[in-house]
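Final position of the first sequence in the working numbering is 319; the numbers increase by one with none missing.
In this text, a Cβ means the ideal position worked out from N, Cα and C, and glycines have one as well.
Take a look at the structure below.
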Amino acid sequence: MDISNPQNKVALIAGPTASGKTALALHLAKSGNFIIINADSAQVYSDLPILSAQPTAEEQRSVPHHLFGYLDGVTPCSAARWAADARGVIAHAHATGKTPILVGGSGLYIRTLLDGIAPIPEVTLELRTEIRAMPVEQAYAALQHYDAPVAASLAPTDISRITRALEVVQSTGRSISEWRKSKTGGIGDSITLRPLLLLPPRDWLYKRCDNRFEMMMERGAVAEVEALLLRNLPQDAPVMRAIGVPEISAYLNGTLHRDEAIARGQIATRQYAKRQFTWFRNQAPIAWPRIELEINDSNSDNFETIFQ
RNA sequence: GGACAGGUGGCCGAGUGGUUAAAGGCAGCAGACUGUAAAUCUGCCCGGUUUUCCGUACGCUGGUUCGAAUCCAGCCCUGUCCA
Numbered sequence: 012m013d014i015s016n017p018q019n020k021v022a023l024i025a026g027p028t029a030s031g032k033t034a035l036a037l038h039l040a041k042s043g044n045f046i047i048i049n050a051d052s053a054q055v056y057s058d059l060p061i062l063s064a065q066p067t068a069e070e071q072r073s074v075p076h077h078l079f080g081y082l083d084g085v086t087p088c089s090a091a092r093w094a095a096d097a098r099g100v101i102a103h104a105h106a107t108g109k110t111p112i113l114v115g116g117s118g119l120y121i122r123t124l125l126d127g128i129a130p131i132p133e134v135t136l137e138l139r140t141e142i143r144a145m146p147v148e149q150a151y152a153a154l155q156h157y158d159a160p161v162a163a164s165l166a167p168t169d170i171s172r173i174t175r176a177l178e179v180v181q182s183t184g185r186s187i188s189e190w191r192k193s194k195t196g197g198i199g200d201s202i203t204l205r206p207l208l209l210l211p212p213r214d215w216l217y218k219r220c221d222n223r224f225e226m227m228m229e230r231g232a233v234a235e236v237e238a239l240l241l242r243n244l245p246q247d248a249p250v251m252r253a254i255g256v257p258e259i260s261a262y263l264n265g266t267l268h269r270d271e272a273i274a275r276g277q278i279a280t281r282q283y284a285k286r287q288f289t290w291f292r293n294q295a296p297i298a299w300p301r302i303e304l305e306i307n308d309s310n311s312d313n314f315e316t317i318f319q
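Right, dumping it as structure tokens:
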């Protein structure tokens with residue numbers, strides 16, 4: 012245990028996209044010996060600094076930032092992968108007397124870091140690719156055959172969960188529901204968490220989503236997607252489905268006009284914010300403080316209590 | 001001025017006499033959520049406190065019919081074409 016940081020404090024600022032997390036974290040981080048750690052599943056990729064709304068290079072220089080753009084788009088991230096990486100960064104921060112601030116909107120990632128996750132062995136790329144190539148009906152039928160109870164618990168249309176359950180039984184010979192009876196790797200019990208959930212007014216949030224996407228378009232999002240497309244990554248790679256990539260791709264290949272691409276990108280952003288809102292509102296521990304205010308420069312200081 | 005085409009629920013768009021509160025899609029709202037989660041999926045979605053209930057509804061007005069979004073007449077509006 013490190014004497015300079017006896018409490019192993021970890022701050023967390025979570026909330027939907029465009030809720031002002033990044034700015035708030037940066038603002039608060041400047042007041043002390045902090046580092047900022049990304050907790051967003053799209054901001055991990057180096058291919059999308061603009062479209063995934065990573066802090067600017069300048070911002071990243073003002074305070075140490077970690078796990079932003081640290082993976083190449085060919086490497087799909089996962090909750091477990093990110094959690095392991097975050098664990099390492101946090102341990103190092105604590106060892107050097109710094110307090111990490113986790114900032115992000117990926118609820119599952121954050122939960123995995125804190126609570127751990129089922130210790131399921133890595134699934135081979137071959138099997139995974141094979142299973143993901145299956146149409147839903149076929150995948151569901153296969154799951155009914157290999158793991159009927161889990162199949163029964165899932166909607167026959169839920170391709171994402173069906174394929175995961177299927178790849179797990181097929182590669183380990185054991186039901187995913189069995190695996191899930193245990194969780195490993197969570198650090199929640201060994202740290203002092205200072206969480207803060209940002210759940211601002213909906214109309215304010217949506218306006219910011221709209222503005223943000225337009226700003227991205229003006230600041231190079233198109234060129235970013237253009238470069239990404241040249242890489243010919245698989246369509247289902249996480250980077251390829253980041254908000255804005257499909258919309259801007261459609262614009263680039265002439266399927267959509269610029270205005271339509273923007274409108275759709277804005278809608279996708281808002282819908283995503285909405286989903287995150289629902290996640291944090293209902294999935295996060297009730298004890299976590301919820302801030303239902305609009306975050307801005309004039310009230311940011313009020314949240315310094317998060318670090319006390 | 002004339003000829004066609006068309007006006008459907010917030011938007012797009014099916015429906016051409018009853019089984020239609022009106023397919024489907026979009027947007028919106030609510031929810032789920034353990035390894036690609038910026039993913040994936042579910043419910044609601046004209047109004048009325050639940051309903052096999054009531055009201056209102058397919059440009060407007062009137063008509064035909066047991067019954068009309070669907071047929072007829074007139075009017076208004078939109079698009080394309082001819083003048």
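Quickly, what does DSSP pair PRO111 with across the bridge? List them, please.
For PRO111, which the question treats as bridged, DSSP gives the partners ILE46.
State the start and end residues of the unbroken beta strand (DSSP E) segment that holds LYS20.
LYS20 -> beta strand (DSSP E) spans 20-25.
I need the boundaries of the beta strand (DSSP E) containing ARG205, first residue and last residue.
It spans 203-209 - the beta strand (DSSP E) in which ARG205 sits, taken as one unbroken run.
Leaving out five residues on either side along the sequence, give the residues of the same chain with a beta carbon under 7 Å from the beta carbon of PRO60.
The answer, listed in chain order, is GLY80.
Can you give me the start and stop residues for the alpha helix (DSSP H) that ASN222 sits inside?
Unbroken alpha helix (DSSP H) run through ASN222: 213-229.
What's the C-alpha gap between ARG214 and VAL55?
Sequence inspection shows Asp at residue 214; the Arg mentioned does not correspond to that position. Those two C-alpha atoms are separated by around 28 Å.
Which residues does DSSP pair with ILE302 in a beta bridge?
The partner list for ILE302 (beta bridge, DSSP) reads LEU209.
Where LEU124 and ASP51 are concerned, what is the direct C-alpha to C-alpha distance, given to the nearest angstrom?
For LEU124 and ASP51, the distance between alpha carbons rounds to 12 Å.
Can you give me the C-alpha to C-alpha distance between LEU37 and THR203, rounded to a whole angstrom?
Approximately 20 Å between the Cα atoms of the pair.
Taking 9 Å as the threshold (C-beta atoms), are PHE291 and LEU210 in contact?
Yes. Within cutoff.
Under a three-way DSSP split, which group does TYR120 fall into?
Correct three-state label for TYR120: helix.
In angstroms with no decimal places, state the Cα-to-Cα distance between SER260 and LEU240.
Their Cα atoms are separated by approximately 8 Å.
Within its chain, find whatever has a CB closer than 6 Å to the CB of ARG301; leave out the 5 residues flanking it on each side and keep chain order.
Only LEU208 and LEU210 meet the Cβ criterion.
How many whole angstroms separate the CB atoms of GLY84 and VAL250, which I take to be in contact at a CB cut-off of 8 Å?
Correct: roughly 4 Å between the Cβ atoms.
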